[in-house]
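Residue numbering for the sequence shown follows the working numbering, beginning at 79 and increasing consecutively. The C-beta atom is built at its ideal place from N, Cα and C for all residues, glycine as well. Here the structure is laid out as structure tokens; the discussion comes afterwards.
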Amino acid sequence: MMDTGFIHHYFPHIFGYLSFIANSLFIFICLKCTRRSMGAYKYMLVMFGIFDMCYSTVDMVVSMGSHSEGNTFCLFISDGPFFNQVEAGFTALCIRCMFFSLSYGVLEVHFIYRYIALIKPYYLQIFTNPKWIIVIILGVFTQGGIWFCSVFIFLKGDDEMRSYLAEPIRRTYGVDVYKIAILGSTYWGASTELIVRTSIGILIITVISCFTIIFCIWVGWTIHKKLGVVQMSVNTKKMHRNLLRSLAVQTFIPFVISYLPCTLTWTVPLLHIDSKTLNNYAAMAVSIFPFIDPIAIILLLPEYRNALFNLICFWRIKDRVGPEASSQQQKGSSMGMI
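If you want it as structure tokens, here you go:
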């Protein structure tokens, strides 16, 4: 185990367990409290909750750290079953990175659904057709697969990259960089082959990230403009606005706590800035998103928010009525004995 600090060691596990609690509650509310007018969308929300739990599981199993110094930034396995397993750990690290892209793909599907529901509702049947559902799932995994391949092929830490990190990693974490799984990028002061190879990988994952953000903003803005002119009932329009607001938050959350921190970790070496162990805060921030995401949706959608409050009130009433009923029974028994 690396000495990455108490907070970095336990942070993903704490928010992983919180993610399981929050997403289980979210799935329960989706299945029990969603109106019929939302159609297949509630099942998409359920799949979103299941994905968040899978995301948290991978995050806990594949403990990830990050370091940036000199001309190189890197990700590495800091703890867990894959620590000190160079090849298996590298594959696990690539899978962990792939989930970052899969979260983007899932978000894109949600925006596409809302776009079709409002502007081309006659195409909504594709979200209930098994054939098209498989196509959608394959599309999401294709994007994740491209991310996985770009990391696996272009960002693998070779002996040259490890030589630049050997002293910083040993000094900071007390481990031999040649005995841990590592991936990263070197931008200058190295061989042309290493610079070109790793830069290609960084370019691919940057393009995917930028495409997702631009796509979601464009679709969201199109939906917003359409809501201003489309003829529909007040309640239906209000529902669409609430769902669009929820999607906007679902975009904002990973953008702020996932995309921006991760982008900074792989770009600061270009400016010759040694962020060093500060990169670990980016790795920790990524683990927060699966927990915050379902909470944000529940609080933003009035129907789900009311369902949550009703559950809380029910538990409170049940706890309050329980002792009162028990005291009433004891009182009745005493009266009967008299």
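Closest Cα partner of residue i within the set the options
i    : options                   : result
Q163 : P246, I260 and F98        : I260
D130 : T276, F177 and E245       : F177
V187 : P380, L325 and V364       : L325
S287 : Q221, L321 and K110       : Q221
F168 : I390, G262 and V253       : G262
V364 : C175, G158, R319 and C111 : C175
I295 : F89, T329, I282 and S277  : T329
N320 : K234, L378 and A170       : L378
F161 : I258, K234 and N101       : I258
Y337 : M362, L272 and Y191       : M362
V297 : R323, T341 and I273       : R323
T284 : P339, F387, S97 and I194  : P339
E165 : K234, I390, C391 and F289 : K234
Bridge partner(s) assigned by DSSP for residue i
i    : result
D130 : Its beta-bridge partners do not exist; DSSP assigns none.
H145 : C152
T157 : Rather than Thr, the amino acid found at residue 157 in this sequence is Asp. D157 is bridged to S141.
K234 : L261
Backbone CA spacing between residue i and residue j [nearest angstrom]
i    : j    : result
W299 : Y182 : 18 Å
G127 : F219 : 17 Å
F304 : I197 : Note on identity: in this sequence residue 304 is Lys, with Phe being the wrong assignment. Approximately 8 Å, taken between the alpha carbons.
I215 : M125 : 11 Å
D371 : I331 : 7 Å
I366 : V229 : 23 Å
L180 : I224 : 10 Å
S144 : I278 : 20 Å
P90  : Y200 : 42 Å
L109 : I335 : 28 Å
P401 : F226 : Note that P401 scores a pLDDT of 45, beneath 50, so its modelled location is shaky and nothing firm can be said.
C111 : N384 : 9 Å
D157 : I107 : 35 Å
N313 : V327 : 21 Å
I92  : A374 : 18 Å
K315 : E381 : 15 Å
I395 : F369 : Residue placement at I395 cannot be trusted, given a pLDDT of 49 that sits under 50; what the coordinates show is reported in the next sentence. Going by the C-alpha atoms only, they are around 27 Å apart.
L185 : E147 : 33 Å
I282 : D236 : 20 Å
Y121 : N207 : 13 Å
W210 : F232 : 32 Å
A100 : A118 : 22 Å
P189 : P347 : First, the residue type needs correcting, since residue 189 is Phe and not Pro in the sequence shown. Taking the straight line from one Cα to the other gives about 34 Å.
Y242 : T276 : 14 Å
L123 : M317 : 15 Å
F98  : A268 : 44 Å
F387 : I280 : 45 Å
I349 : F293 : According to the sequence provided, residue 349 is Leu. The question's Ile does not apply to it. Spanning the two alpha carbons is a distance of roughly 28 Å.
L96  : Y88  : 12 Å
T341 : L272 : 20 Å
P159 : I173 : 15 Å
F289 : I390 : 40 Å
I73  : G217 : For residue 73 there is no data in the structure shown, the boundaries of the chain being 79 and 416.
V274 : Y359 : 28 Å
N149 : G306 : 50 Å
Contact belief for residue i with residue j at Cβ below 8 Å, rounded distance in angstroms
i    : j    : result
M239 : T270 : With a Cβ gap of about 14 Å, M239 and T270 do not count as contacting.
M138 : G94  : 4 Å
I291 : F333 : 6 Å
A244 : V255 : 5 Å
L171 : V140 : 6 Å
R192 : I301 : 6 Å
F151 : W344 : 5 Å
I194 : L202 : 6 Å
Across the region 244–260 and the region 118–135, are there enough close Cβ pairs to call them in contact, namely three or more that are closer than 8 Å? When Cβ pairs closer than 8 Å are counted between the two stretches, the region 244–260 is seen not to touch the region 118–135, the count staying below three.
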